[in-house]
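Asker: Okay, handing you the structure first.
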Amino acid sequence: MPLAKVNEVLQHATENHYGVAAMNVFNYETVKWVAEAANREKIPVIIQLYPGFDKYIALKHVADFAKNFAVQSDVPIAVHLDHSAGYEIAVGGIKAGFPSVMVDGSALPYEENVEVTAAVVRTANVFNVDVEAELGHVGSGANLDDIVNADNYTNVDQAVEFVQRTGCGSLAVAVGNAHGAYVKVPNLDFDRITALHKAVPVPLVLHGCSDIPHEQLQESVRLGMSKFNIATEYFRAIYKSIAAQVDKEAKDGNFMALLDASSEAAIDFVRGKMKLLNPNKFSL
Numbered sequence: 008m009p010l011a012k013v014n015e016v017l018q019h020a021t022e023n024h025y026g027v028a029a030m031n032v033f034n035y036e037t038v039k040w041v042a043e044a045a046n047r048e049k050i051p052v053i054i055q056l057y058p059g060f061d062k063y064i065a066l067k068h069v070a071d072f073a074k075n076f077a078v079q080s081d082v083p084i085a086v087h088l089d090h091s092a093g094y095e096i097a098v099g100g101i102k103a104g105f106p107s108v109m110v111d112g113s114a115l116p117y118e119e120n121v122e123v124t125a126a127v128v129r130t131a132n133v134f135n136v137d138v139e140a141e142l143g144h145v146g147s148g149a150n151l152d153d154i155v156n157a158d159n160y161t162n163v164d165q166a167v168e169f170v171q172r173t174g175c176g177s178l179a180v181a182v183g184n185a186h187g188a189y190v191k192v193p194n195l196d197f198d199r200i201t202a203l204h205k206a207v208p209v210p211l212v213l214h215g216c217s218d219i220p221h222e223q224l225q226e227s228v229r230l231g232m233s234k235f236n237i238a239t240e241y242f243r244a245i246y247k248s249i250a251a252q253v254d255k256e257a258k259d260g261n262f263m264a265l266l267d268a269s270s271e272a273a274i275d276f277v278r279g280k281m282k283l284l285n286p287n288k289f290s291l
């Protein structure tokens, strides 16, 4: 199947009332397991890499084998570079072969966020690359203020203007969500999600979806959220799966066998998230 475009996948999800799991990866196996889950569930998925992992693996390596899995897939798989904190990182992702990139200027003053996002969009358009942006403060789940302080949340009117001025293809928003493990169970602002979906003309993205209660994620799908970023929970599931397979008495220490034995639990985790985000049971 041809490599799917992120914006087309998100638009399809919006029209068919399901949410797309955007799974963060960091090596070959984590990509393989997401692709396998998508093909078993018969529903599109997004494979994405955090650029900070370039200390562990070159961005180009992940882009290459993720796209290879995508073109061999029976269902649409899109490939995306997550959370580029600036123009240079985002454009570096384009150079590395990512067909979609995020530029996160949300920590900057509003006008600077507009400027850097618009600059990435202009460059990305030359190469037919999709761009996700962020408005509002999606902070750390370890910081209570980032979760509960509504002053951090995305302003609806500002979001409409931001999309018009930057030309971004999707928008990550702050509605009570945050990155990493939460110190307090989040309570998403559904009224704000509803208003954003009604006013903003591009698909909406929810970062920090690990450990958000299932009913809140499903309600977010129903209210029009399209892309759901999942990293912490996926990595935790992989860790637990590998740990459960470790035999301290084993003499051969076969690491490949360990990964193989851990694969089904990892695949099942991704499938579970895909089912959760598909309350209407859409299938290709």
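Its first residue numbered 8, the sequence shown is counted upward by one per residue in the numbering used here.
Backbone N, C-alpha and C define an ideal beta-carbon position, used for all residues, glycine too.
For clarity, every value in this text was computed on a predicted model and none was experimentally measured.
Beta-carbon separation of residue 64 and residue 33 under 9 Å?
Answerer: Yes, they are a contact pair.
Asker: Mind checking residue 246: buried by the 16 CB within 10 Å criterion, or exposed?
Answerer: Answer is exposed; the Cβ neighbour count stays below 16.
Asker: What would DSSP say about residue 54, mapped onto helix, strand or coil?
Answerer: Strand, per DSSP.
Asker: Are residue 8 and residue 81 close, meaning C-beta to C-beta below 9 Å?
Answerer: Yes.
Asker: Quick one: Cα of residue 218 to Cα of residue 192, how far?
Answerer: Distance between the alpha carbons of residue 218 and residue 192 is about 8 Å.
Asker: Applying the 10 Å Cβ sphere with the 16-neighbour rule, what's the burial state of residue 267?
Answerer: By the 10 Å Cβ count, residue 267 comes out exposed.
Asker: Among residues of its own chain, excluding the 5 on either side of residue 35, which ones have a beta-carbon nearer than 7 Å to its beta-carbon?
Answerer: The answer, listed in chain order, is 72.
Asker: For residue 140, which three-state DSSP category applies?
Answerer: The answer is strand: DSSP assigns residue 140 an E or B state.
Asker: For residue 64, which three-state DSSP category applies?
Answerer: Coil.
Asker: Determine the extent of the alpha helix (DSSP H) in which residue 259 is found, giving its start and end residues.
Answerer: Looking at the DSSP string, residue 259 is not in any alpha helix (DSSP H), and its letter there is neither H nor E.
Asker: Near residue 190, which residues of its chain fall below 8 Å by C-beta distance, leaving aside the five closest residues on each side in sequence?
Answerer: Around residue 190: 148, 149, 150, 151 and 154.
Asker: Apply the 10 Å Cβ neighbour rule to residue 55 and answer buried if 16 or more other Cβ atoms are within range, or exposed otherwise.
Answerer: By the neighbour-count rule (16 or more Cβ atoms within 10 Å), residue 55 is buried.
Asker: Classify residue 273 as helix, strand or coil using the three-state DSSP reduction.
Answerer: Helix, per DSSP.
Asker: Using the three-state DSSP reduction, which class does residue 280 fall into: helix, strand or coil?
Answerer: Three-state DSSP puts residue 280 in a helix.
Asker: Buried or exposed, going by whether 16 or more other CB atoms sit within 10 Å of the CB of residue 290?
Answerer: Per the 10 Å Cβ criterion, exposed.
Asker: Going along the chain, which unbroken runs of the beta strand (DSSP E) with 3 or more residues stay wholly within the stretch 191-260?
Answerer: Within the stretch 191-260, the complete beta strand (DSSP E) runs of at least 3 residues are 211-213 and 232-237.
Asker: Whose C-beta lies closer than 7 Å to the C-beta of residue 126 among residues of the same chain, with five residues either side of it excluded?
Answerer: Within the same chain, residue 126 has close Cβ partners 94.
Asker: Measure the C-alpha to C-alpha separation of residue 160 and residue 107 and round it to an integer number of angstroms.
Answerer: Roughly 25 Å between the two C-alpha positions.
Asker: What residue from 144, 187, 216 and 211 has the CA that sits closest to residue 181's CA?
Answerer: It is 144 whose Cα lies nearest to the Cα of residue 181.
Asker: Check residue 88 in the structure and name its three-state DSSP category.
Answerer: Strand at residue 88.
Asker: Expressed to the nearest angstrom, what Euclidean distance is found between the alpha-carbon atoms of residue 186 and residue 214?
Answerer: Distance between the alpha carbons of residue 186 and residue 214: 7 Å.
Asker: Any idea what DSSP makes of residue 126, helix, strand or coil?
Answerer: Helix at residue 126.
Asker: In whole angstroms, what separates the C-alpha of residue 250 from that of residue 22?
Answerer: C-alpha separation (whole angstroms): 40 Å.
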